[in-house]
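Take a look at the structure below.
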Amino acid sequence: METQQEITSMPRIGDKAPEFKAVTTQGDIHFPNDYKGDWVILFSHPADFTPVCTSEFMTFATMEEKFLKANCKLVGLSIDGLYSHIAWLRSIKDKIEYRGMKNVEVKFPLIEDITMEVAKKYGMIQPNEDSTKAVRAVFFVDPNGIIRAIIYYPLSLGRNFDELYRVVIALQAADAFGVATPADWVPGDDVIIGPAGSCGSAENRMQGKEDMECKDWYFCTRKLDKDKVLEKVLKK
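Numbered according to the UniProt record's numbering, the sequence shown spans residues 1 to 236.
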């Protein structure tokens, strides 16, 4: 008998993304092996032909080029079958208009997962929410196949796609410049410098001997030019 723990277990930040092979609307994939060198957002949705999911897929598809320029590919998943996926995406393109978006073609892969094998590997099935539908999980996977961030939403709550894009940019900026990003950070804002590792270093900071502004020994920021961030992150 399958236990609830088997259904809800999930990888953690810093773990290698669980490997799987799957059929998708764009052909077979081997994840994360096929995406080495790229950032990937792997995300789940509860079901095809549902309105919240439709609004999300239209938004993601409209923003796909923006994500690709940030070296990030998109991979969707639900526990519906391939032909259901194809019919739903065709309906979106032919019939649905939302917030000025219409004739939207979803070009990124949508995984068939009728056995729920992938959904269970990633803890996308949350029995107290629904035992037969995947919640709105979002996994940010880096070019080395490591999970760097995870966001979960309930079935009723549509995702904020500007925030998903911000996370991709912020993770890459943190890697490229060895910094942390404060609340609501966007490119061009000041970044956070890690706490001083010694008393001497803390004193130098407070005396203004380093290229940063310190409110106290543990809270220091520095300027990071927006163009420098985007030059590192965005593809030309």
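In this text, a Cβ means the ideal position worked out from N, Cα and C, and glycines have one as well.
Spatial neighbours of residue i in its chain, beta-carbon cut-off 7 Å, leaving aside the 5 residues before and after
| i | result |
| --- | --- |
| Gly37 | Pro143 |
| Lys235 | Lys69 and Asn71 |
| Asp211 | Arg222 |
| Tyr98 | Ser55 and Met58 |
| Met116 | Ile79 and Ile125 |
| Ala174 | Ala180 and Thr181 |
| Lys66 | Tyr165 |
| Val161 | Reading the sequence as shown, one finds Phe at residue 161 and not Val. Only Thr59, Phe60 and Met63 meet the Cβ criterion. |
Within-8 Å CB hit, residue i to chain D
| i | result |
| --- | --- |
| Lys215 | Although the question refers to chain D, the structure presented lacks it and comprises just one protein chain. |
Residue i - DSSP class collapsed to helix/strand/coil
| i | result |
| --- | --- |
| Ile114 | coil |
| Lys73 | strand |
| Tyr98 | strand |
| Ala61 | helix |
| Ser44 | strand |
| Lys235 | coil |
| Trp217 | coil |
| Lys226 | helix |
| Ser84 | helix |
| Phe108 | coil |
| Thr24 | strand |
| Phe49 | coil |
| Ser9 | coil |
| Ile79 | coil |
| Lys121 | helix |
| Lys36 | coil |
Residue environment, residue i, which counts as buried when at least 16 other CB atoms sit within 10 Å
| i | result |
| --- | --- |
| Leu157 | exposed |
| Ala119 | buried |
| Ala17 | buried |
| Lys223 | exposed |
| Arg148 | buried |
| Asp48 | buried |
| Thr132 | exposed |
| Ser44 | buried |
| Lys231 | At residue 231 the sequence reads Glu, which differs from the Lys that was named. With fewer than 16 other Cβ atoms within 10 Å, it is exposed. |
| Glu19 | exposed |
| Glu163 | exposed |
| Val186 | exposed |
| Ile114 | exposed |
| Ile41 | buried |
| Arg136 | buried |
Same chain only: Cβ atoms within 8 Å of residue i, ignoring 5 sequence neighbours per side
| i | result |
| --- | --- |
| Asp28 | Lys21 and Ala22 |
| Gln172 | Trp39, Ala70, Asn71, Lys232 and Val233 |
| Glu64 | Leu74, Lys107 and Phe108 |
| Asn33 | Glu19 and Gly145 |
| Phe111 | With the sequence shown as reference, residue 111 is identified as Ile, and Phe is not the correct amino acid for it. Ala22, Val23, Thr24, Ile29, Val75, Gly76, Leu77, Ser78 and Val118, listed in sequence order. |
Same chain only: Cβ atoms within 6 Å of residue i, ignoring 5 sequence neighbours per side
| i | result |
| --- | --- |
| Asp15 | Ile147 |
| Gly194 | none |
| Phe31 | Phe20 |
| Ala176 | Lys232 |
| Pro182 | Ile192 |
| Val52 | Gly158 |
Check: residue i C-beta below 7 Å from any heavy atom of the ligand NAP
| i | result |
| --- | --- |
| Ala174 | Absent from the structure shown: the ligand NAP. Ligands present: none. |
Segment contact flag, the segment 98 to 108 with the segment 57 to 70, C-beta cutoff 8 Å, min 3 pairs: yes
Tell me the start and end of each unbroken alpha helix (DSSP H) in the segment 128 to 212 that is at least 4 residues and wholly inside, in chain order. 161 to 177 and 199 to 206
For the segment 69 to 89 and the segment 110 to 129, state whether three or more C-beta atom pairs, one from each stretch, are separated by less than 8 Å. The segment 69 to 89 is in contact with the segment 110 to 129.
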